[in-house]
Amino acid sequence: AAGDTTVAAAIAPSAVAAAGALFRELTGSEPAGVWSAPGRANLIGEHTDYNDGFVLPFAIQHRTAAAARLRTDGRIRVASTFATEPVEVALDDLEVLFPADRTRRAATGAAATGAVEEQASAVPEWAAYPLGVAWALRALVPAWAAGTFAGVDIAIASDVPVGAGLSSSAAIEGATSTALNELWGLGLDPVALAQAGRRAENEAVGAPTGIMDQMASMLGRSDAAVFLDCRSLETRSIPLGFAEAGLEVLVIDTGVKHAHSTGGYRARRESCERGAAALGVAALRDVTEADLPRAAELLDDVDFRRVRHVVTEDQRVLDTVAALAAHGPRAIGDLLVASHASMRDDFEISIPELDTAVDVALAHGALGARMTGGGFGGAAIALVERDAVPEVSAAVRAAFATAGFAAPHLFTVTPSAGPRRDV
Ligand code: ADP
Ligand code: MG
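Here the sequence shown is numbered in UniProt numbering, starting from 23 and rising by one per residue.
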């Protein structure tokens with residue numbers, strides 16, 4: 023594949039054109055507009071988001087685009103280049119497909135019957151992302167206004183690698199919410215759209231994720247990261263200076279698929295909840311490194327190490343922001359390395375492919391490297407001198423071949439702007 027021989031721009035930035043083409047194929051007419059939102063890479067701050075802590079992601083140049091136009095019959099149709107069939111439902115059925123209290127629905131079976139019940143089981147997972155965003159946005163406006171929602175056709179295409187830890191999910195949510203915000207005249211700000219995306223992912227899709235990905239996508243700026251306090255949702259744009267310093271962020275996508283909803287992720291969250299409860303705090307955000315000896319007494323070894331990862335990772339995010347401001351981007355390498363070690367040894371979410379990617383990148387001159395994303399697969403990032411990208415890439419490929427791993431997909435990501443209207 024091309025990804026084996028080229029480094030940068032292995033993925034063509036063609037999502038906007040592809041979404042428009044799919045829209046024309048779907049409807050036989052032009053879209054009213056095309057809106058897009060980026061994926062994201064997380065520079066540092068892993069598994070801190072759902073602990074009310076700090077994260078430092080940046081939006082990347084890879085984007086998901088939504089070509090859309092209102093329709094007059096109160097129905098919503100979504101299509102994706104990713105899927106073979108479009109999915110169409112009545113807007114008024116969204117509340118039945120995604121009832122606010124899913125447990126109650128399962129218990130009583132009362133909310134949905136007959137044809138709608140059949141539709142619910144027929145909604146493929148991918149369609150729950152855009153349909154869930156429409157549902158979450160409708161829930162934000164008073165019931166009396168619901169009648170004012172027009173139906174809509176949405177065609178989606180993406181350059182964001184799926185399941186590589188670069189949040190194709192936040193990108194599809196952000197593209198959809200940005201399109202609907204304008205077409206429905208909702209006037210919501212980027213934070214409200216991020217929250218609608220998260221709600222879609224948590225409740226319509228059923229993936230128990232935090233708010234980081236959506237905020238990174240919606241608030242991205244060129245050559246800057248988004249410092250996010252996941253408790254207050256306050257953000258600060260942090261200049262990275264990678265371009266001026268001649269640094270690149272190399273993504274090493276192992277191709278090993280993660281599955282958020284499976285045991286590992288859930289078990290980590292449960293450890294964190296037990297840790298916070300034992301320490302008598304609302305979230306691990308409220309625990310500092312000074313509290314760790316007490317945590318060691320109260321918790322079993324596994325839960326203690328999970329807690330130690332989160333507490334030290336929060337501090338590393340703060341230290342990274344400080345180091346960037348004081349000394350610039352070359353000063354953050356050791357913090358990235360420490361973050362990886364903590365995820366490997368304390369949080370135990372790395373895999374041999376990710377450890378190899380990090381070790382080999384560092385051995386060939388990367389300033390820092392760490393796995394990124396939820397873990398159990400996905401990608402690592404390495405902060406690399408621009409001139410050293412080919413050497414590091416070749417070394418990683420060679421090491422993967424030697425170890426018998428599948429060939430990794432290598433490309434650079436550039437801190438980029440958030441959502442926009444493209445057409
Ligand atoms: P990640 O966000 O790390 O890429 P997730 O598992 O969170 O991985 O989200 C990936 C899922 O999002 C896909 O399996 C699919 O259901 C949905 N998705 C992402 N991009 C698209 C797209 N362009 N079209 C349709 N569905 C998409
Ligand atoms: Mg995701």
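Note that beta-carbon positions come from the ideal geometry of N, C-alpha and C, so glycine has one too. None of the values given here were measured: they were computed from a predicted structure.
Annotated three-state conformation of Ala229 is coil, per DSSP. Shown here, Asp336 sits in a helix according to DSSP, grouped into three states.
Annotation: Met393 to Asn64 spans about 9 Å, alpha carbon to alpha carbon. For Ile82, the enclosing beta strand (DSSP E) starts and ends at 76-93.
For the stretch 255-285, the continuous beta strand (DSSP E) assignments of 3+ residues that do not extend past its boundaries occur at 257-261, 269-275, in sequence order. Rounded to the nearest whole angstrom, the C-alpha separation of Asp115 and Thr49 is 22 Å. A contact between stretches requires three or more CB pairs, one per stretch, nearer than 8 Å, and the stretch 431-445 meets this requirement with the stretch 234-245.
As a beta-bridge residue in DSSP terms, His431 pairs with Asp275. The alpha carbon of Met234 has as its nearest neighbour, out of Val445, Ala156, Ala218, the alpha carbon of Ala218. For Met365 and Thr70, the gap between their C-alpha atoms comes out near 12 Å. Looking at Leu262, Glu68, Glu256, the one whose alpha-carbon comes closest to that of Asp245 is Leu262. By the C-beta criterion, the stretch 373-384 is judged to be in contact with the stretch 395-404, since at least 3 inter-stretch pairs fall below 8 Å. Ala345 and Ala101 have their C-alpha atoms roughly 44 Å apart. Taking 7 Å as the cut-off, the beta carbon of Ala89 is found closer than this to the beta carbon of Gly42. For the pair Phe120 and Trp157, the CB atoms are nearer than the 7 Å cut-off.
By alpha-carbon distance to Val56, the top candidate from Pro164, Leu92, Ile66 is Leu92. A check of alpha carbon separations from Phe422 across Ala379, Ala388, Ala410 identifies Ala379 as the nearest. No residue range can be given for Val303, since it is assigned to no beta strand (DSSP E) and is classified by DSSP as neither H nor E. At least 7 Å separates the beta-carbon of Ala161 from that of Val227. Runs of the beta strand (DSSP E) spanning 3 or more residues and lying entirely within the stretch 93-122 occur at 97-102, 109-112, in chain order.
DSSP places Ala247 inside the beta strand (DSSP E), whose first and last residues are 246-251.
If you ignore the 5 residues before and after Asn203, its C-beta comes within less than 7 Å of the C-beta of Leu210, Leu215, all in its own chain and listed in chain order. Taken from the Cβ of Ser191, at least one heavy atom of the ligand MG lies inside 6 Å. In the DSSP secondary-structure assignment, Thr394 is bridged to Ala401.
With contacts defined by Cβ atoms closer than 7 Å, Ala305 and Asn73 form a contacting pair. Classified as buried, Ser189 has 16 or more neighbouring CB atoms from the shown chains inside 10 Å of its CB. For Phe104, the shortest C-beta to heavy atom distance toward the ligand ADP is below 6 Å.
By the beta-carbon neighbour count (other beta carbons within 10 angstroms, threshold 16), Arg258 is exposed. In this chain, the beta strand (DSSP E) harbouring Asn64 covers 55-66. At least one heavy atom of the ligand ADP is found less than 6 Å from the C-beta of Val184. DSSP places Gly440 in the coil class of the three-state scheme, outside both helix and strand. Membership of Gly173 in the beta strand (DSSP E) is indicated by the continuous run 173-180.
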